[in-house]
Each structure stands twice: as C-alpha cells, then as structure tokens.
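Below: one structure, written as structure tokens.
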Amino acid sequence: MAYRELPIIDAPSQAFTTTLSGRRCDFVVNYSTWDNRWSFDLDVDGVRVLSGRRIVLGVDLLAPFGLGIGSLIAAPWGDQEVEPGRTELPSGRVRLFHYDAAEVAA
Numbered sequence: 095m096a097y098r099e100l101p102i103i104d105a106p107s108q109a110f111t112t113t114l115s116g117r118r119c120d121f122v123v124n125y126s127t128w129d130n131r132w133s134f135d136l137d138v139d140g141v142r143v144l145s146g147r148r149i150v151l152g153v154d155l156l157a158p159f160g161l162g163i164g165s166l167i168a169a170p171w172g173d174q175e176v177e178p179g180r181t182e183l184p185s186g187r188v189r190l191f192h193y194d195a196a197e198v199a200a
C-alpha cells in the first residue's frame, strides 16, 4: 500500500494546502502547550469539516468522519515508542502518513 507523508515544520502554528484523494485539503496544525499535543483543523474543498482534531498515534484520524479522502495516521518513526509532543512531529520521530481512499478500500 502506497502512502505519503504530510510534513510538519518546527512552528507551533502552521497552515498548508495539499490534495488528498483528488480533493483540495487545507490544514491548520497547532501545538497546545497546555496538553502537550498537536491538533488540526481541516477544510475539504473550502468547507470546514474538522476542528481541533487531536493527533494521536496508531488510529485513522479521518475514519470516523466519512470524508472520502483516505486515511491519516500518526506513527512513531524509529525504535522508540514516543507520543506526538512538541518536538516529535517536527523532528520526524512521529510522522503523519496519508493513504489514498482507493488504497484503503482495496
């Protein structure tokens, strides 16, 4: 199954646009110092579909919402099991991977 990584830069608030499963997706990713976690807002084709979705390990962050844009999964990268804290996402110790909707259905 092919996947692609959605890069997170070393900034506590960031926005980027990408195409997922042929649809325009606008992400706003924020880090909360209060709970030491990252979350994201997502617009699909210009419509807000998610707000404040926490980034947690090992679950499809999009599946419960039936958006038809595939799967988004945060996973540790390397030998250590780490949580997606302030430095882990930007450093690549935790990474966000997208799997296309057609691949997930197969």
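Numbering-wise (our numbering), the sequence shown opens with residue 95 and increments by one.
Using N, Cα and C, we set each Cβ at its ideal position, and we do this for glycine too.
Contact under 8 Å by Cβ, V153 with A169: no
Terminal residues of the beta strand (DSSP E) in which P184 lies: P184 -> not in any beta strand (DSSP E); alpha helix (DSSP H) instead, spanning E182 to S185.
Stretch-stretch touch, CB-based, cutoff 8 Å, three pairs: the region 124-139 with the region 168-184: yes
Buried/exposed call for F110, threshold 16 Cβ in 10 Å: exposed
Test item: CB-CB of I167 and L155 under 8 Å: yes
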